[in-house]
Amino acid sequence: MANNQNERKAGISQPRNIATLLSILVPGLGQIYNRRIVKGIILLIITISFLVTMWNYIDIGIWGLFTLGTIPQEHHSIQLLLQGLISLIVLAFGIAIYAYNLIDARKDAIAREEGRPNPTFIKGMSNFYDKGFPYFMILPGLIMLVFIVVLPLLFMLALAFTDYNQYNAPPRNLLNWVSFDNFVNLVNVDIWKDTFFSVFTWTIVWTVVATTLQIVLGFFLALLVNDKRIKFKRTIRTVLILPWAVPAFVSILIFSALFNPTFGAINRDLLAQFEIMIPWLSDPFWAKVALIMIQTWLGFPFVFALFTGVLQSVPSDMYEAADVDGGTRWQKLRHITVPHVLFATAPLLIMQYAQNFNNFNIIYLFNEGNPPVRGQNAGGTDILISWVYKLTFETNNYNMAAAITIIMGVLVMGFAFYQFRKTAAFKEEGGRY
Amino acid sequence: MSMNRKTKSKIEVTFIYLFFLIMFVIIGYPLFWAVMMSLNPGTNMLVTDLFPDNPTLEHYKWLFTDPKSDYLIWYKNSLFIAILNAAGSIVITSLIAYAFSRYKFVGRKYGLYMFLLLQMFPALMGMVALYILLNTIGLTDSLWGLLLIYLGGQIPFNAWLVKGYFDTIPKELDEAAKIDGAGHLKIFWTIMLPLAKPILAVVALFNFMAPFMDFLLPRIVLTSPENFTLALGLFNFINDQFSTNFTRFAAGAILIALPIALVFLLLQRYLISGLTSGATKG
């Protein structure tokens, strides 16, 4: 019987379709058709106020996003670009509400078709609260995240495809979309090409060598402190963690002074005794050596602390079993300790690499990326991120800075993807630890 | 034979201690050197001594009493941002983490991926945009603008960390409370928050210390000396005339490093356990 009724009402005249259609035309109308008057009116009010307040803004924003302005000195390309991106985000929120309106109208209509009574207003509100609760919790953070983290990244992404630099800047000039020109220049124009490749290579060397050194040293020290024969463990640990506890910018500036060739203690007090003078700040090679040593000093305590925590959780029966089988110390280390420690800390170790890749502070505070190099517009110790900083705030090459940022982003994303797979693999192992 | 093994072990232990001793010197020397520099009279680095003949506290006195010194204002600014940043980040991240840990909703999975991805992008990557954005809403050279950036930027990493910790709190607890009639917020307030105190302490500590240590964002956002934070102020101290201001810088730096290092050493155990439990189980 019920089946027959449904068949007769199939097609466009079926209530669920009518309700959906009405909501497509005017958000809230479908709800009113469903006799959910209050909800319908609220949605209608939200729609109207959204359109009244945002229509103009979004209209200009989207137009600006495509054209970047048409009248020089009157249209400000950067502000238009920003407005365009904000419009996109607001539009996305609007579409989400619109989609909710459609799904909701259809769901209520289906409930009515099946003869379920409409919930009372109170019940409806409490349902809404239950369903919406996680969204309310997330909303403040989400809005901040979108405007403070995501929007700037989108803006950077957009800049990479414009011709925004010192000589072509609003409000005097209009900007243009130039598609991949900046990226092409980066590998074609000599000065950019040379700089990019030397900075890029050094960034990779820096990331790999400095991070690996700090991990190896941290691991080695953790092993030594963990040795049963060692006493005063607490004191030793506290001293070893000291470089982590001192704010990094303080330590880096101290090192910068220590390595200073005229008054720094390393040349004046230590190396002078062997009659050696090393140009720590003015020779690229020695500056790089100094940077790697300083980063090792700064970074090993974190790894050391991490490993110390994990080492204590290695089940001792595993070692006892190995002893029974006559395992050597080296075998125990290779087959029990290292896998256990790496397994538990891999995501954090990978993060260490990512952090050093973007370790602006040490490069800039130690020597501001100097010494300068002939035929390049980056200093001898600049890594990608400090080069971007210089391009942005010193020479106002915004477009190139943005293009390089995108390349860095792609690299970091590849790294992130690797980490995803690693963590996924951990989960499949069933959380052994 | 056994005698032999014993001496071998003894030699080994001696070498281990020797290695620690070398490490202690490497760790201690730069810090000790900075302390001694701050006790040198005058501001000319060329005539400083590791053990000055007449050590003095004049630089410390200068920081606090000289009318040209903004040190106390910088300290106040840093404290202001640090406290609000710690409090604000706890509220924001714990709400997000609660939703992601305990509720199923549309977009949950992608939200988690987004957090993981965004924590790889430092705020630095969007610095041009941030600067222009703050300019448009009139918050450049403002501590509030800086605070806003810190609060937004910490979300991906900390939400992930706290969510990982929330996941380790048994679900049976909140289900039992639900049966007793507790609402969403009540469960959050009476069950989740008290049990998650260790990780919340970690988040608070990280976000309290960040403004003391960060130098780049303040440099981009803040321009007038009365708005500087400590890190930025001290950097500018020595940036212009490095060799002439280092002794003063050393005094100022030690006064920041000391409290931070103390708090840090006292809380390190919680820090590490929080990090490992939050991040590896994420």
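So the sequence lines, in the order shown, correspond to chains A and B. Sequential numbering of the first sequence, starting at 1, is according to the UniProt record's numbering. Sequential numbering of the second sequence, starting at 1, is according to the UniProt record's numbering. Ideal Cβ positions, reconstructed from N, Cα and C, are used throughout, including at glycine. All figures in this text were calculated on a predicted structure; none of them were measured in a lab.
Which same chain residues, not among the five before or five after B:Phe15, have their C-beta less than 6 Å away from its C-beta? Once the five neighbours on either side are set aside, B:Phe15 has no close Cβ partner at all.
What residues from chain B crowd round A:Trp297, counting only those whose CB sits closer than 9 Å? Close to A:Trp297, with beta-carbon spacing below 9 Å, are these residues of chain B in chain order: Ile26, Ile27 and Pro30.
B:Pro30 - DSSP class collapsed to helix/strand/coil: Helix, per DSSP.
Is A:Thr337 helix, strand or coil by DSSP? Correct three-state label for A:Thr337: helix.
Neighbourhood of B:Gly282 by C-beta, 6 Å cutoff - its chain only, sequence neighbours within 5 removed: The pLDDT assigned to B:Gly282 is 39, lower than 50, so where the model puts this residue is not dependable; a value taken from the coordinates is nonetheless given after this. So the list reads Trp160 and Gly164, once near-sequence residues are dropped.
With respect to the alpha helix (DSSP H) encompassing A:Tyr364, which residues constitute its N-terminal and C-terminal limits? Its alpha helix (DSSP H) spans residues Phe360 to Asn367.
Look up A:Trp280 in the DSSP assignment and say whether it is helix, strand or coil. In the three-state DSSP reduction, A:Trp280 falls in the coil class, being neither helix nor strand.
A:Pro117 by DSSP, collapsed to three states: which one? Of the three classes helix, strand and coil, the one that applies to A:Pro117 here is coil, per DSSP.
Got a sec, what are the start and stop residues for the alpha helix (DSSP H) A:Ile60 sits in? Ile37 to Thr67 is the extent of the alpha helix (DSSP H) around A:Ile60.
Identify, in the order they occur along the chain, each residue of the same chain with its Cβ nearer than 7 Å to the Cβ of A:Val225, setting aside the five sequence neighbours on each side. So the qualifying residues of the chain are Lys233, Ile236, Arg237 and Thr308.
If you run the structure through DSSP and keep just helix, strand and coil, what is A:Trp396? Going by the sequence as given, residue 396 of chain A is Asn instead of Trp. A:Asn396: coil per DSSP, three-state reduction.
Please list the partners that A:Ile138 has in chain B, where partner means a Cβ-to-Cβ separation under 7 Å. Correct list: Ile96 and Ala99.
Under a Cβ-count criterion, where at least 16 other Cβ atoms within 10 Å of its own Cβ denotes burial, should A:Arg334 be classed as buried or exposed? Of the residues assessed, A:Arg334 falls on the exposed side of the cut-off, its CB having fewer than 16 other CB atoms within 10 angstroms.
Identity of the residue in B:Pro67, B:Met127 and B:Val162 nearest A:Leu391 by Cα: A check of alpha carbon separations from A:Leu391 across B:Pro67, B:Met127 and B:Val162 identifies B:Met127 as the nearest.
For B:Tyr75, which residues from the same chain have a beta carbon less than 7 Å from its beta carbon, with the 5 sequence-adjacent residues on both sides left out? Leu230.
Less than 8 Å between C-beta atoms, sequence neighbours within five positions excluded: which residues of the same chain meet that for B:Pro52? In chain order, Met36, Leu39, Asn40 and Pro41 place their CB closer than 8 Å to the CB of B:Pro52, counting only its own chain and leaving out the 5 sequence neighbours on each side.
With DSSP run on the structure shown, which of helix, strand or coil describes A:Pro372? Reduced to three states, the DSSP call for A:Pro372 is strand.
Could you give the distance in angstroms between the alpha-carbon of B:Leu200 and the alpha-carbon of A:Ile110? In a straight line, the C-alpha of B:Leu200 is about 45 Å away from that of A:Ile110.
Compare the C-beta of A:Asp227 with all C-beta atoms of chain B and state if any pair is closer than 8 Å. At a cut-off of 8 Å between beta carbons, A:Asp227 contacts chain B.
Any 3 or more C-beta pairs closer than 8 Å across the segment 295-308 of chain A and the segment 378-387 of chain A: Taking 8 Å as the limit for Cβ pairs, the verdict is that the segment 378-387 of chain A does not touch the segment 295-308 of chain A.
Classify A:Leu221: buried if its beta carbon has 16 or more other beta carbons within 10 angstroms, exposed otherwise. With a threshold of 16 other beta carbon atoms within 10 Å, A:Leu221 meets it and is buried.
Terminal residues of the continuous alpha helix (DSSP H) containing B:Ala97? Here the alpha helix (DSSP H) through B:Ala97 covers Tyr71 to Arg102.
Neighbour-count burial assignment, A:Met125, 16 or more Cβ in a 10 Å radius: By the neighbour-count rule (16 or more Cβ atoms within 10 Å), A:Met125 is not buried but exposed.
Rounded to whole angstroms, what's the CA-CA distance from A:Leu82 to B:Leu130? Just pull it up for me. Straight-line measurement puts the Cα of B:Leu130 at about 11 Å from the Cα of A:Leu82.
Return the first residue and the last residue of the alpha helix (DSSP H) that B:Tyr110 is part of. Taken as a continuous stretch (DSSP letters only), the alpha helix (DSSP H) holding B:Tyr110 covers Arg108 to Leu118.
Three-state secondary structure assigned by DSSP to B:Asn40: In the structure shown, B:Asn40 falls within a coil segment according to DSSP collapsed to helix, strand and coil.
Proximity to A:Ile42 [Cα-Cα], best of A:Phe121, A:Ile86 and A:Lys231: Residue A:Phe121 is the option with its Cα nearest to A:Ile42.
What are the residues that DSSP puts in a beta bridge with A:Gly94? The partner list for A:Gly94 (beta bridge, DSSP) is empty, contrary to what the question assumes.
Mark B:Pro55 as exposed unless 16 or more other C-beta atoms lie within 10 angstroms of its C-beta, in which case mark it buried. Its Cβ having fewer than 16 others within 10 Å, B:Pro55 is exposed.
Please check if any C-beta of chain B sits within less than 8 Å of the C-beta of A:Asn4. Unreliable positioning characterises A:Asn4 in this predicted model, as indicated by a pLDDT of 48, which lies under 50. A coordinate reading is not provided.
Backbone CA spacing between A:Leu65 and A:Asn396 [nearest angstrom]: Between the alpha carbons of A:Leu65 and A:Asn396 lies a gap of roughly 22 Å.
What residue range does the alpha helix (DSSP H) around A:Trp177 cover? That residue, A:Trp177, is in no alpha helix (DSSP H); it is neither H nor E in DSSP.
Proximal residues, the segment 241-256 of chain A versus chain B, C-beta separation under 9 Å: For the segment 241-256 of chain A, the set of positions with a beta-carbon nearer than 9 Å to some beta-carbon of chain B reads Ile241, Leu242, Pro243, Trp244, Ala245, Val246, Pro247, Ala248, Phe249, Val250, Ser251, Leu253, Ile254, Phe255 and Ser256 in chain order.
Does DSSP classify A:Asn168 as helix, strand or coil? Looking at A:Asn168 - three-state DSSP - the assignment turns out to be strand.
Is it the case that the segment 65-77 of chain A contacts the segment 34-54 of chain A, given that we only count it when at least three CB pairs across the two stretches are under 8 Å? No, the segment 34-54 of chain A does not touch the segment 65-77 of chain A.
Would you mind stating whether B:Gly252 and B:Phe264 have Cβ atoms separated by less than 8 Å? No, these two residues do not count as a Cβ contact at 8 Å.
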